Amino acid sequence: MTPRDILKAAAESNVKPDLTALLETIPYAKYLGIRVDRKGTEITTILPFARHLIGNPVLPALHGGVVGGFLETTAIMQVIFEAGATEMPRPVDINIDYLRSGRPVDTFARAIITKQGRRVINVHAQAWQEEHDRPIATLRGHMLMPEA
Amino acid sequence: MDNETRSLLHKPGFVLKGVPHAEGIGLTLVDIGEGTALLKVPYADHLVGDPETRVVHGGVVTSLLDNACGVAVSSRTKQFGNIATLDLRIDYMRPATPDLDIFAWTECYRATKSIAFVRGVAFHTDKSDPIASCTAAFMLGTTDARKAKTP
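Line by line, the protein sequences give chains X and W. Numbering-wise (this note's numbering), the first sequence opens with residue 1 and increments by one. Numbering-wise (this note's numbering), the second sequence opens with residue 149 and increments by one.
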């Protein structure tokens, strides 16, 4: 199965794509250990803590690139879920703000689409750990929807 | 690169050796100057973002650029464990080519007492034909690290 197979099958039967199955097909998402939790239309991604995610062994803290890649994946999942994509959206640009150091615990994230244009989608994602109201990082980005 | 920087960079537990995620994606330091850094991530199957095209995941480019920016800041400011990324902007110009290693060249072009500014590009063979470009700001002398700093 490829991401495209999953997206096309969902579009053909007019249902939301299975994001867990989709993540399973993406090697780097699997390597990071990203999981997804869907409650109705609300999508939360989960990055369980693992040693290979550490970027600062002294603190210790999660690698900034890991947090960024996690937020980017969260944004892509939200776009796929809401926009009914049949192809994987492509990031055009991303802006990550690092607010707190990522502690060696589980991390969660959610994304919202702030504007859906015909070809470009503006998306905002936020990651937190123990407290939802104390985000560790936020991402703002644009995704390009490939023409079907 | 001067001897002071060189010896600092080879302190155990610093930069790439002993950084679990850097080791996990195979990140290596290729070259370092006064405020510049060149890092490489070799192509590997577990870094793929799209199994059909075999293109590397954007998150790998993010890790590479973030780490390369940090090394550039360290090489200029001589601060190592106690710097933190404030923000990072990445523009994706084109998908990476499967099977090719990705390099990141970064430059810390300005550092004040508390903030360092960095820019960089990710590319395969030619800096002027980038996969992605980035700009970042780093905080220097972060409190958390100072507290946790080992003697």
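Note that the Cβ used here is the ideal one computed from N, Cα and C, for glycine as well. Small disclaimer: the values here were computed from a predicted structure and weren't measured.
Own chain partners of residue i with C-beta closer than 8 Å, once the 5 adjacent residues on each side are dropped
i	result
Asp106 of chain X	Ile46, Leu47, Pro48, Phe49 and Gln129
Tyr257 of chain W	Gly183, Phe265, Val266 and Arg267
Pro3 of chain X	Leu22, Thr25, Ile26 and Met88
Gly197 of chain W	Val203, Val204, His205, Gly206, Gly207 and Val208
Residue(s) in a DSSP beta bridge with residue i
i	result
Arg258 of chain W	W:Phe265
Asp93 of chain X	X:His142 and W:Asp239
His124 of chain X	X:Ile112 and X:Arg140
Thr283 of chain W	W:Arg237 and W:Arg267
Ala252 of chain W	W:Leu187 and W:Ala270
Pro135 of chain X	X:Trp128
Any C-beta of chain W under 7 Å from that of residue i
i	result
Asp97 of chain X	yes
Arg35 of chain X	no
Leu22 of chain X	no
Asp93 of chain X	yes
Thr25 of chain X	yes
His142 of chain X	no
Gly68 of chain X	yes
Glu131 of chain X	no
Neighbour flag for residue i against chain X, beta carbons, 7 Å
i	result
Tyr191 of chain W	no
Arg294 of chain W	Its pLDDT being 44, under 50, Arg294 of chain W is placed unreliably by the model, and nothing is read from it.
Ile231 of chain W	no
Gly161 of chain W	Note on Gly161 of chain W: pLDDT 38, under 50, position unreliable in the model; the coordinate value appears next. It does: the Cβ of Gly161 of chain W has a partner Cβ on chain X nearer than 7 Å.
Gly289 of chain W	no
Asp235 of chain W	yes
Pro299 of chain W	Low confidence applies to Pro299 of chain W: its pLDDT is 41, below 50, so where it sits in the model is not reliable enough to give any reading.
Gly268 of chain W	no
Glu182 of chain W	no
Chain B within 7 Å of residue i, Cβ atoms only
i	result
Pro89 of chain X	The displayed structure is made up of protein chains X and W, and chain B is not among them.
6 Å CB neighbourhood of residue i in its chain, flanking five on each side removed
i	result
His124 of chain X	Ile112, Thr114 and Arg140
Gly161 of chain W	With a pLDDT of 38 at Gly161 of chain W, under the threshold of 50, the modelled position of that residue is not reliable, and no figure is offered here.
Residues near residue i by beta carbon distance below 7 Å, same chain, minus five either side
i	result
Gln116 of chain X	Ala83
Ala216 of chain W	Ala185, Leu187, Ala252, Thr254 and Gly268
Practice task
Would you list, in sequence order, the uninterrupted beta strand (DSSP E) runs of no fewer than 3 residues that lie entirely inside the stretch 173 to 250 of chain W?
Solution key: The stretch 173 to 250 of chain W contains, as complete beta strand (DSSP E) runs of 3+ residues, the segments 176 to 180, 184 to 189, 196 to 198 and 231 to 240 (chain order).
Exercise for the section: Say whether the stretch 50 to 65 of chain X touches the stretch 224 to 242 of chain W, bearing in mind that this needs 3 or more beta-carbon pairs closer than 8 Å, one atom from each stretch. Expected result: yes
Practice task
Kindly confirm or deny that the stretch 167 to 176 of chain W and the stretch 187 to 200 of chain W touch, where touching means at least three C-beta pairs closer than 8 Å.
Solution key: yes
Problem - Whole beta strand (DSSP E) elements within the stretch 6 to 52 of chain X, 3-residue minimum - result: 35 to 39 and 42 to 47
Exercise for the section: Taking 8 Å as the threshold, find out whether the stretch 84 to 104 of chain X comes into contact with the stretch 137 to 145 of chain X through three or more Cβ pairs. Expected result: yes
Exercise for the section: Take every Cβ of the stretch 240 to 254 of chain W, pair it with every Cβ of the stretch 68 to 81 of chain X, and state whether three or more of those distances are shorter than 8 Å. Expected result: no
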